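Below: one structure, written as structure tokens.
4 protein chains.
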Amino acid sequence: MHTPDRPLKAAVVGASGYVGGELIRLLLGHPSVELTVVASRGQVDQPLTAMWPHFGKLTRLHVSAPDVPAIAQDVDVVFLALPHGTSQEAVASLFDADGAPISGAKVIDMSGDFRLSDPAVYTAHYKAPHTAAALLPRFVYGLSEWMREGIMASQHVANPGCFATAIGLTLAPLAARGLLPAQVTVVAATGSTGSGNKPAAGTHHPSRASNYKLYKVLSHQHVPEITGMLAQLGGETKLSFVPASAPMTHGIFATTVVQTDAPDALADAISAAYADAAFVRVTEGSPELNHVVGSNFADIGVMVGDRELVIACAIDNTIKGAAGQAIQNMNLMLGLPETSGLLLPPSLP
Amino acid sequence: MHTPDRPLKAAVVGASGYVGGELIRLLLGHPSVELTVVASRGQVDQPLTAMWPHFGKLTRLHVSAPDVPAIAQDVDVVFLALPHGTSQEAVASLFDADGAPISGAKVIDMSGDFRLSDPAVYTAHYKAPHTAAALLPRFVYGLSEWMREGIMASQHVANPGCFATAIGLTLAPLAARGLLPAQVTVVAATGSTGSGNKPAAGTHHPSRASNYKLYKVLSHQHVPEITGMLAQLGGETKLSFVPASAPMTHGIFATTVVQTDAPDALADAISAAYADAAFVRVTEGSPELNHVVGSNFADIGVMVGDRELVIACAIDNTIKGAAGQAIQNMNLMLGLPETSGLLLPPSLP
Amino acid sequence: MHTPDRPLKAAVVGASGYVGGELIRLLLGHPSVELTVVASRGQVDQPLTAMWPHFGKLTRLHVSAPDVPAIAQDVDVVFLALPHGTSQEAVASLFDADGAPISGAKVIDMSGDFRLSDPAVYTAHYKAPHTAAALLPRFVYGLSEWMREGIMASQHVANPGCFATAIGLTLAPLAARGLLPAQVTVVAATGSTGSGNKPAAGTHHPSRASNYKLYKVLSHQHVPEITGMLAQLGGETKLSFVPASAPMTHGIFATTVVQTDAPDALADAISAAYADAAFVRVTEGSPELNHVVGSNFADIGVMVGDRELVIACAIDNTIKGAAGQAIQNMNLMLGLPETSGLLLPPSLP
Amino acid sequence: MHTPDRPLKAAVVGASGYVGGELIRLLLGHPSVELTVVASRGQVDQPLTAMWPHFGKLTRLHVSAPDVPAIAQDVDVVFLALPHGTSQEAVASLFDADGAPISGAKVIDMSGDFRLSDPAVYTAHYKAPHTAAALLPRFVYGLSEWMREGIMASQHVANPGCFATAIGLTLAPLAARGLLPAQVTVVAATGSTGSGNKPAAGTHHPSRASNYKLYKVLSHQHVPEITGMLAQLGGETKLSFVPASAPMTHGIFATTVVQTDAPDALADAISAAYADAAFVRVTEGSPELNHVVGSNFADIGVMVGDRELVIACAIDNTIKGAAGQAIQNMNLMLGLPETSGLLLPPSLP
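If you're matching them up, the sequences are chains A, B, C and D in order.
Numbered according to our numbering, the first sequence spans residues 49 to 397.
Numbered according to our numbering, the second sequence spans residues 49 to 397.
Numbered according to our numbering, the third sequence spans residues 49 to 397.
Numbered according to our numbering, the fourth sequence spans residues 49 to 397.
Following this line, the structure appears as structure tokens:
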């Protein structure tokens, strides 16, 4: 697919958000792909370093207007790092009236817009109609380790949410082996970057710095994303998911507790599933957020009790939970080595 | 009991630890009790402010040697803020050969040594024999809101552990009403002061500042403390307790998830139980750690789902989870108003 | 002044800001003053606990509209915790057309509006005309330890800024003794509560949590406030002041460096000045922010070098740097003991 | 120098410290150098991932004993990441009785042992005699941007200290142009990783997380390191250096204040000096720690006042202040591009 004498080109649309920024950071260091377009509604024609000063002396790129159809003509892959809702419009602009793609560029959508197959479920969770429902079947759900074949074969990938990645990697091995318990409890803590780069009460430093609270209890929009993914693998469960806001900047730490008569069988299924995975490490005892932040790793620890099992999964929400997994998917879609540009060691301590 | 023309006197044994420091802080501000003795093995005869410089210009106390029997002759209440194991010896020194108290001073033990009625369970969790098992029946478990009568009537109180306080306050209303589900899952995050003031790997700032991990999964020593307390109230459950180490300095945030056909009944029982409690507030939606840190409050939020219930409890581990509850117990034991010296507003933000 | 058979009453106007919240917190615990009015433009008639949930079960107050003249009729002291500019209007409303106070209530203004005697200097730093310049002479500058007589005699106090308090306490002893060097360098770090409770880029947790940067370098509005105060004490200097934004939530740590032939004389002057001060403690070596946060203390350390001197001052910006010093001033103005309601130990650790 | 058909090999001696860990992290990602030896006194023969779990699935290296002479035979470059004092012995073992190197391997010493030319000054600051003083002249001081020629020509480099790097980069342009003022004041804040990975009171999370204090005021061991470096460039000054401990994990932020009649000339000298530097960026206004942490960049902001100048420099203490600059020096010594393996974008936010 990739002709080595022509460097592959990538565009990031939505450059000013944290996910956009992290995509830029990873693409600037990618050995086989050149970041040629960074687009945003604001600061058009300004140097990218006016938007993100930390990239000074690393790039001379300027910000482009987000003319998505035009951008797609000039690159091999487009990352859409746009808010939910806005992304639908951008995706729609990449198809003609007959529903055919107007360009051969791969499209990786970072929003929640194309992760759910049923537009009614989308509306229930995102509180808005889906304006591009006809395009939903075009998208493969991009949980890299479990949807690899589909991702490689598809032009369009819906990149998973951060919680959905951590919980999906936890439960997918059970679903795939028919071992998923009928009820699963997950309490998952997230760092503040998960709320994006727009200042708000929940991320105001004086309170966030030492706070801990729950939010969207039992009603988070990642629940149908996870159960939909598990269903694809043949599993069904009642997922009791409690998200928590914790005082880190980075990271998701998902603690899953299940009651089961066969905790060892479940533990073994998880260990076996990831023996050869490049980016999933099964740890002895609990994983630690420190060991994954700054990297594309997901660390999973399995702790067996008496007819019960605790499974903990730690990821960097902006990397494995967003931009890193997107690059991993890009690698798969473009025929590059899956780990290309992603073997960054975590930044501990 | 208290003759108002003679101020009540208190001693803190184990002044150098965090719990000791916090007891001193609260007693310095207590309107009816005078802190007259602060004892520690180190820095004897030094000003207390050499040990704790932040008390400068607030006290002229000097550190005494921890001669517990002698101290007990001179005060109305002794707080033992000693490590597990050490506390047994101190308590034993307060009884004569016939097992009778050598002084009328009230004793509030902050360690885990007298919280469990069965010495074999103690040994299983604290990895050491109990050397004062005969004295266990002397102690009342000091969960103030639920053991009030017993505390008022007793000379000896075993002050609850921090996790046990948060989880105990969550589940006690269900146990008391016969509503405790057969299985309960709790994931609870703690701040770093819970590990004490001795530097260690788990509290090394470069890693703790942004870390999150589990520890003592399904095996924490507070489990039998909680189940023992629930049994006293008539409840029994399989408690799946997962403690987590989070990057705050203060606070316990316990998230309890139960599967039940009657979530509303459980929610109502909790709300009703604390309507008149001075220090337990039932919140709308999730509590926040910020709203309790620095105070003796426990905030409990009850969130009803579809045949499931999430109950969250937030406390300051060093106050309601240790020194504050101990002062509350002291007030009860000495016939003072329960809230005396404890109506500190939380320090938010 | 104070008839003990009638409790003194206080009002806080501007209840929703951090300074307002902290004033409320301290007044709720004050033994001789009752908080009877909390006013704000928003949430009028709502319970105060809707605005500040952490005060639950501590107060039944409801929010009043900020009708300042009416409020002043009903209380003994009014705290104006309003933004710069807005405060001028509130103060003006407390005077009649002839410039006479319409009520005998004491007024403590927390803003910068009445700290500078020259309205032109005000305009230069606050970028707006002063609309109540005729009232400036009414106000005494409220650096409690140095303006005590004036504060006690005045009906109107301009409460100092947070940086100005830390630096003022550092340099006042030198000015008063004629020892102020001709040039003084101060680098002072502030926590994020100093920016108020409105979310903004500079206090967005993902960046603030680990950031450090300078702002308003050599141009901070507290410079004329400090030099004006020093001039009152007879001192003059070129103050090179560099404020820094650091990743704490609370605290100001001001590091002052001077070149001098007589460092010991300066050090002695500082120690001597505060020997009997209730709230200023001269430490051996460097002070620590931990030792003052949560309290009204200012800790000052003096470190002598070779023809140079380093003086460090640590305060809690919201307490000694704002609400605590205001209560201290209130105590002075109302004839109460200066320390009343303020002997809170710091919350370390 | 480098034969491209044979990959260059590197060894890290002292793998268990933060500097060792960071060297490993950077070398694992270096395109032209293979990390073949990681040595430590403890955990010999264990997988490196037992010591540093975050490197799981990134390396199969095992820990070697620190037999430095043997190691030096097998690699092209040895990094000594050992404590002060210990490093002298390791260096001495690399020379024979006649003072000739026993191997051609480049040696980069991360300790303070070979940064000062005068052993008496060493003893005054490090409180111990220098046992390898005869070898001091072998070492070039490794401030990459200013000692480039010397570094390229030398087999032995003493890598600068973290504060010395930030302050050295600030003042070197002034010294080189004869513009260094006679007196310079620097207040510099450091993150907790600067204290190493051994738990201690100063890095205990409950106190460090919100603390700020000074230490080694006017007596830090980096002062002679800086003045020695400036002297090499022809500058002399009285440096009033005040180090501060701040609650970040990473970063040095050095604020320099000078009184000068020609602030613009100084500002221009700094801007000009770094126009072409790969890793030094002159910012508009203040730099921010966030913009450099995770990278090898030093950001310098120059703010001109009225006959005064503020210069701020921000670096990541473990990268530009230690391991990153060491790799930069390695690149220079081995004839590789100076930026090889180091163009990591900062990890903001």
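The beta carbon of each residue, even a glycine, is placed where N, CA and C say it ideally should be.
The structure presented is a predicted model; accordingly, all values stated were derived computationally and were not measured.
C/I300 and C/A236 - do their beta-carbons sit closer together than 9 Å? Residue 236 of chain C sits at position 188 when you count from the first residue of the third sequence. Residue 300 of chain C sits at position 252 when you count from the first residue of the third sequence. Taking 9 Å as the Cβ cut-off, C/A236 and C/I300 qualify as a contacting pair.
How would you list, in chain order, the residues of chain B whose beta-carbon sits under 7 Å from the beta-carbon of A/F20? An answer regarding residue 20 of chain A cannot be provided, because it is not within the stretch 49 to 397 covered by chain A.
Helix, strand or coil for D/K368? Go by DSSP, reduced to three states. Start at 1 with the first residue of the fourth sequence, and residue 368 of chain D comes out as number 320. Helix at D/K368.
Identify whether A/P46 lies in helix, strand or coil by the three-state DSSP scheme. Residue 46 of chain A falls outside the range modelled here, since chain A spans only 49 to 397, and no answer is possible.
Could you tell me whether the Cβ of C/R329 comes closer than 9 Å to any Cβ of chain B? Within the third sequence, residue 329 of chain C is the residue found at index 281, counting from 1. Yes, C/R329 lies at the interface with chain B (some Cβ there is under 9 Å from its Cβ).
Environment of B/E332 [buried if 16+ CB atoms lie within 10 Å]: For this step, residue 332 of chain B is matched to residue 284 along the second sequence. By the 10 Å Cβ count, B/E332 comes out exposed.
Measuring alpha carbon to alpha carbon, tell me which residue in C/A172, C/A220, C/G239 and C/G276 is nearest C/A206. In the third sequence, residue 206 of chain C corresponds to position 158, counting from 1. Answer by Cα proximity: C/G276.
8 Å contact criterion, which D/D161 and D/S135 should meet: CB distance rounded: Here residue 161 of chain D refers to the residue found at position 113 of the fourth sequence. Here residue 135 of chain D refers to the residue found at position 87 of the fourth sequence. The Cβ separation is near 5 Å, so the contact holds.
Rounded to whole angstroms, what is the Cα-Cα separation between A/H50 and B/S288? For the purposes of this step, residue 50 of chain A is taken as residue 2 along the first sequence, with counting starting at 1. For the purposes of this step, residue 288 of chain B is taken as residue 240 along the second sequence, with counting starting at 1. A caution first: A/H50 carries a pLDDT of 49, below 50, which makes its placement in the model unreliable, though a value can still be read off. Each residue's Cα considered, the two are about 52 Å apart.
Would D/Y174 pass as a contact of D/G133 if the rule is Cβ separation under 9 Å? Along the fourth sequence, one-based indexing puts residue 174 of chain D at 126. Along the fourth sequence, one-based indexing puts residue 133 of chain D at 85. Closer than 9 Å, so yes.
Taking the Cβ atom as the reference point for each residue, do A/N344 and D/H102 lie within a distance shorter than 9 Å? Numbered from 1 along the first sequence, position 296 holds the residue referred to as residue 344 of chain A. Numbered from 1 along the fourth sequence, position 54 holds the residue referred to as residue 102 of chain D. Cβ atoms of A/N344 and D/H102: not closer than 9 Å.
Roughly how many whole angstroms lie between the Cα atoms of B/L384 and B/V305? By 1-based counting over the second sequence, the position of residue 384 of chain B is 336. By 1-based counting over the second sequence, the position of residue 305 of chain B is 257. Rounded to the nearest angstrom, the two C-alpha atoms are 37 Å apart.
Is there contact between the region 137-146 of chain C and the region 357-368 of chain C, where contact requires at least three CB pairs shorter than 8 Å? no
Is the region 250-261 of chain D close to the region 244-254 of chain B, with three or more CB pairs under 8 Å? yes
Reduced DSSP category for A/K57 - H, G, I as helix; E, B as strand; rest coil: Here residue 57 of chain A refers to the residue found at position 9 of the first sequence. Strand at A/K57.
Taking a contact to mean a Cβ-Cβ separation below 9 Å, would you say B/G90 touches B/V111 in this structure? Residue numbering aside, residue 90 of chain B sits at position 42 when the second sequence is read from its first letter. Residue numbering aside, residue 111 of chain B sits at position 63 when the second sequence is read from its first letter. Yes. Within cutoff.
Less than 7 Å between C-beta atoms, sequence neighbours within five positions excluded: which residues of the same chain meet that for B/N379? One-based indexing of the second sequence puts residue 379 of chain B at position 331. If we look at B/N379 and ignore the five residues flanking it on each side, its Cβ neighbours are P385, E386 and S388.
Considering only DSSP beta bridges, list what C/H132 is partnered with. Taking the third sequence and counting its residues from 1, one reaches residue 132 of chain C at position 84. C/H132 pairs with nothing; no bridge assigned.
Relative to the ligand ADP, is the shortest distance from any of its heavy atoms to the C-beta of C/F289 smaller than 8 Å? What this structure holds is no ligand at all, so the ligand ADP is not there to describe.
State buried or exposed for A/V92, treating a residue as buried only when at least 16 other CB atoms are found within 10 Å of its CB. Indexing the first sequence from 1 puts residue 92 of chain A at position 44. Exposed: under 16 other Cβ atoms inside 10 Å.
By the DSSP assignment, the beta strand (DSSP E) with C/H410 in it spans what residues? Residue 410 of chain C lies beyond the stretch modelled for chain C, which goes from 49 to 397, so this question has no answer here.
Simplified DSSP assignment, three categories, for D/L84: To locate residue 84 of chain D, count along the fourth sequence from 1; it is residue 36. First, the amino acid is wrong: residue 84 of chain D is Thr here, not Leu. Strand at D/T84.
Run through the DSSP bridge pairs and tell me what B/V358 is partnered with. Numbered from its first residue, the second sequence carries residue 358 of chain B at position 310. B/V358 is bridged to B/V305 and B/M351.
So, does the CB of C/Y66 fall closer than 9 Å to a CB anywhere in chain A? For the purposes of this step, residue 66 of chain C is taken as the residue at position 18 of the third sequence. Answer yes: the Cβ-Cβ gap between C/Y66 and chain A drops below 9 Å somewhere.
Members of the region 79-108 of chain C near chain B, C-beta cut-off 7 Å: P101, H102, F103, G104, K105 and L106
Among D/T241, D/R163 and D/I274, the one whose alpha carbon lies nearest that of D/T218: Walking along the fourth sequence from the start, residue 218 of chain D turns up at place 170. Out of D/T241, D/R163 and D/I274, D/I274 has the C-alpha closest to the C-alpha of D/T218.
Helix, strand or coil at C/T331 according to DSSP, with G and I counted as helix: For the purposes of this step, residue 331 of chain C is taken as residue 283 along the third sequence, with counting starting at 1. Looking at C/T331 - three-state DSSP - the assignment turns out to be strand.
How about B/P131 and B/F211: are their beta carbons less than 9 Å apart? Along the second sequence, one-based indexing puts residue 131 of chain B at 83. Along the second sequence, one-based indexing puts residue 211 of chain B at 163. Cβ distance not < 9 Å, so B/P131 and B/F211 don't count as in contact.
In angstroms with no decimal places, state the Cα-to-Cα distance between B/R163 and B/P208. Here residue 163 of chain B corresponds to residue number 115 of the second sequence, with the count starting at 1. Here residue 208 of chain B corresponds to residue number 160 of the second sequence, with the count starting at 1. For B/R163 and B/P208, the distance between alpha carbons rounds to 7 Å.
Count the other CB atoms, across all protein chains shown, that sit within 10 Å of the CB of D/I215; report buried if there are 16 or more and exposed otherwise. Counted from its first residue, the fourth sequence places residue 215 of chain D at position 167. That one is buried.
Whole angstroms are fine: how far does the CA of A/V60 sit from the CA of A/I72? Position 24 of the first sequence holds residue 72 of chain A. Position 12 of the first sequence holds residue 60 of chain A. Approximately 7 Å between the Cα atoms of the pair.
Chain C contact for D/G353 (CB, 9 Å cutoff): Locating residue 353 of chain D in the fourth sequence gives position 305, counting from the first residue. True, the Cβ-Cβ gap to chain C drops below 9 Å.
A/M200 - DSSP class collapsed to helix/strand/coil: As a working mapping, residue 200 of chain A is identified with position 152 in the first sequence. Three-state result, A/M200: helix.
I'd like to know whether the C-beta atoms of A/L280 and A/M381 end up nearer to each other than 9 Å. Counting from 1 along the first sequence, the entry for residue 280 of chain A is found at position 232. Counting from 1 along the first sequence, the entry for residue 381 of chain A is found at position 333. Note that residue 280 of chain A is Gln in the sequence shown here, rather than Leu. No, the pair does not count as a contact, with Cβ atoms beyond the cut-off.
A/R256 and A/S202 closer than 9 Å at C-beta: Counting from one through the first sequence, the residue named residue 256 of chain A turns up at place 208. Counting from one through the first sequence, the residue named residue 202 of chain A turns up at place 154. Taking 9 Å as the Cβ cut-off, A/R256 and A/S202 do not qualify as a contacting pair.
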